[in-house]
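Asker: What follows is a structure written as structure tokens; I'll ask about it next.
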Amino acid sequence: MAEQANGLRLFNTLQGQVEPFAPLDPDGKRVNMYVCGPTVYDDAHLGHARCYITWDVLYRFLTFLGYDVKYVRNVTDVDDKILNRAKERGETPAELAERNYQSFTEDMAALNVLPPDEEPRATQYIRQMLDGIQVLIAKGAAYATPDGSVYFRVAAKPDYGKLKYATQDTALLKKHLDDLKAGARVEVEEGKESPLDFALWKAVPLEDPNGWESPWPPTQETSKGWGRPGWHMECSAMNHAVFGEQIDIHAGGADLIFPHHENEIAQSEAWTGQQPFSKYWLHNGFVNVSGEKMSKSLGNFSTIKKVLARYDANTIRYFLLTNHYRMPVDFNDEALQAAENWVDKTFGKLKKLNITREELNKVLFKTAAEVKALEQGLNLEDSHFSEFLHLMEVDLNTAQGLAILNRTFTKMQLANAQGDYARAMELFQRVVNMMNVLGFSFESLFEGVSLPAAEIHSLYAELAGHQTNSAEQAPETMLEEIVTMRREAKASKNWAQADAIRKQLTDIGLQILDNKDGTTTVEKDGLEIVRV
RNA sequence: GGCGGCAUAGCCAAGCGGUAAGGCAGGAGCCUGCAACGUUCCCAUCCCUCGUUCAAAUCGAGGUGCCGCCUCCA
């Protein structure tokens with residue numbers, strides 16, 4: 001294929017195909033990106049993890065490519081689910097939302113997901129929603145019903161359905177929408193002109209504590225209206241308030257394509273008269289659990305906290321990145337275990353390099369331009385990082401990116417083993433930068449280890465076979481003596497004794513390794529404690 | 001009923017017209033008292049059928065089998 005191999009390309013749901021990415025900004029620099037955030041009525045689950053890790057990688061990648069990204073992720077804190085849950089729990093919706101928002105924030109941090117630049121909350125934008133709705137009514141794209149609700153008039157937007165059906169052909173869209181209406185599960189709401197029309201504002205009883213004053217009073221009752229925003233209006237209002245009339249990227253889970261994002265498009269474009277509301281619409285695939293769709297009714301709903309209790313953030317990220325973000329992904333123990341094995345091996349080897357935080361920071365690239373300058377003139381075979389970038393540029397092909405990462409890692413190990421430290425260091429730099437762009441956390445490399453002093457002491461006392469003042473000795477010193485005792489056992493070919501000591505150390509979480517050069521090391525979690 | 005997606009080694013999973021990435025697991029060798037670590041090597045012709053093409057896992061048609069959306073959901 002003679003396709004030009006440069007530049008970021010992304011799958012745009014709006015066009016139904018992969019297309020070159022070019023921001024609206026005439027300078028091509030600024031990128032405004034909005035991701036649909038969580039409805040904070042419960043703990044975040046694996047679906048959220050997948051979604052926000054995916055867009056975290058995009059955010060990191062765009063930034064790395066040199067774009068000036070403004071990343072906004074909203075928080076939906078007004079919604080029927082929140083109200084119902086709060087009622088069950090006997091707390092206010094605001095308390096419930098705040099608690100779950102904090103929990104969500106913790107989960108994201110634990111997953112090493114970067115915080116967005118802004119996190120607007122729906123309840124802070126009621127005014128803007130009301131303003132937008134009034135504009136829509138004035139333009140004939142919405143109508144109030146006698147109960148004081150307001151609906152969007154789908155008939156006023158001939159290209160309604162263009163996201164779901166990925167076409168601008170209005171005749172075709174009309175046919176699709178007719179089919180949709182015919183097959184729709186019926187839930188007729190009083191006053192709607194068409195079953196496709198959707199709520200912008202829902203009337204609630206006057207002075208309901210979870211309502212806001214509106215300009216649409218129920219006819220014949222009072223002069224004051226009262227209600228709550230419709231399900232889709234908040235995103236349109238927040239985008240309008242934070243970014244203005246158009247944005248570059250709007251992303252979220254594939255389940256939001258219809259009706260949520262379709263309706264957002266209809267509202268926003270009818271409101272401002274500008275289109276496209278968002279130039280690129282990106283969607284990540286679903287999460288299944290052990291082959292089944294994750295859902296409450298199936299009882300296989302896994303929270304992030306639950307999974308993090310078993311697998312670390314890097315494991316979850318690696319697992320997700322081996323799959324393409326648009327494909328469905330199946331969380332199951334076999335796959336997670338394989339990912340964990342990779343993380344253990346890879347980070348274990350990195351840890352043996354004994355790199356400090358300062359040393360690591362020194363070799364991390366800031367921009368792709370820096371890398372290009374560095375790798376200029378190298379062929380693709382050697383310009384590992386450039387190859388990595390090229391693969392990532394094709395709709396975020398993280399699986400191929402990881403393949404390059406692994407190949408580079410193997411080469412680094414080889415150079416290291418051969419004593420070519422300059423080359424090893426060069427490759428190390430490529431490796432950690434790839435990991436950095438993908439959002440892996442390096443924290444575990446800097447964690448010290450805490451030695452089980454009491455256990456070491458009792459083992460030492462047992463082996464020494466006599467009273468010692470070992471309580472005053474450092475655990476490291478005792479370990480050295482234990483190693484020496486084992487060495488004596490080995491020298492006299494007392495293998496049983498030597499193996500017993502190894503077993504006892506293993507039991508308290510320490511690994512004893514005989515090296516090729518005749519030395520013996522004791523490690524904990526892959527980190528060398530003593531070498532004798 | 002309408003619309004869409006997916007089927008690649010034991011498992012996970014890229015590739016989407018030019019002769020099968022990567023990971024996990026597994027096997028063999030080196031190293032080793034054993035083990036671990038390290039390292040080298042091995043491990044698929046892409047659900048079926050018929051087409052298009054010099055060339056198909058990749059395109060078309062028809063099967064079969066999974067799955068999703070159309071209702072709140074990331």
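So in the working numbering, spot 324 of the first sequence is number 324, and the numbers just go up one at a time.
Just so you know, even glycine gets a beta-carbon here, dropped at the ideal spot from N, CA and C.
Remember, predicted model here, so these are calculated numbers, not experimental data.
Nearest to residue 57 by CA position, among 328, 355 and 398, is which residue?
Answerer: Closest by alpha carbon: 398.
Asker: Should residue 446 be labelled buried (16 or more other beta-carbon atoms within 10 Å of its own) or exposed?
Answerer: exposed
Asker: By DSSP, does residue 257 sit in helix, in strand, or in coil?
Answerer: DSSP places residue 257 in helix when its eight states are reduced to three.
Asker: Which residue or residues does DSSP assign as beta-bridge partners of residue 9?
Answerer: 20 and 394
Asker: By alpha-carbon positions, which one of 500, 522 and 497 ends up nearest to residue 509?
Answerer: Nearest Cα to residue 509 within the set 500, 522 and 497: 522.
Asker: State whether the segment 432-444 contacts the segment 413-424, with contact taken as three or more CB pairs (one from each stretch) at a distance under 8 Å.
Answerer: no
Asker: What three-state label does DSSP hand residue 210 in the structure shown?
Answerer: Here residue 210 sits in coil by DSSP.
Asker: Compute the distance between the beta-carbons of residue 125 and residue 237, then report whether it is under 8 Å.
Answerer: Yes, the pair counts as a contact, with Cβ atoms nearer than the cut-off.
Asker: Give me whichever residues DSSP pairs with residue 203 in a beta bridge.
Answerer: 227
Asker: For residue 324 and residue 11, I'd like the C-alpha separation in whole angstroms.
Answerer: If you take the alpha carbons of residue 324 and residue 11, they lie about 12 Å apart.
Asker: Out of curiosity, what's the CA-to-CA distance linking residue 224 and residue 214?
Answerer: Rounded to the nearest angstrom, the two C-alpha atoms are 7 Å apart.
Asker: Excluding sequence positions up to five away, which residues of its chain have a Cβ less than 8 Å from the Cβ of residue 255?
Answerer: 286
Asker: Please list the terminal residues of the continuous alpha helix (DSSP H) segment that includes residue 69.
Answerer: Unbroken run through residue 69 is the beta strand (DSSP E), 68-73; no alpha helix (DSSP H).
Asker: Can you grab the Cα-Cα spacing for the pair residue 98 / residue 40, in whole Å?
Answerer: 8 Å
Asker: Rounded to whole angstroms, what's the CA-CA distance from residue 370 to residue 250? Just pull it up for me.
Answerer: 29 Å
Asker: Give the list of continuous alpha helix (DSSP H) stretches no shorter than 4 residues that lie fully inside the segment 400-486.
Answerer: 421-438, 443-446 and 453-464
Asker: Is it true that the segment 258-268 meets the segment 227-234, where meeting means three or more beta-carbon pairs spaced less than 8 Å apart?
Answerer: yes
Asker: Can you name, in chain order, every residue of its own chain whose Cβ lies under 7 Å from the Cβ of residue 222, other than the five neighbours on each side?
Answerer: For residue 222, where only same-chain residues beyond five positions count, the Cβ hits under 7 Å are 206.
Asker: Quick check: the Cα distance between residue 310 and residue 102, rounded to an integer number of angstroms?
Answerer: Going by the C-alpha atoms only, they are around 21 Å apart.
Asker: What does residue 288 pair with, by DSSP beta-bridge criteria?
Answerer: 293 and 330
Asker: Does DSSP put residue 526 in a helix, a strand or coil?
Answerer: coil
Asker: For residue 278, write down the residues that DSSP places opposite it in a beta bridge.
Answerer: According to DSSP, residue 278 bridges with 247.
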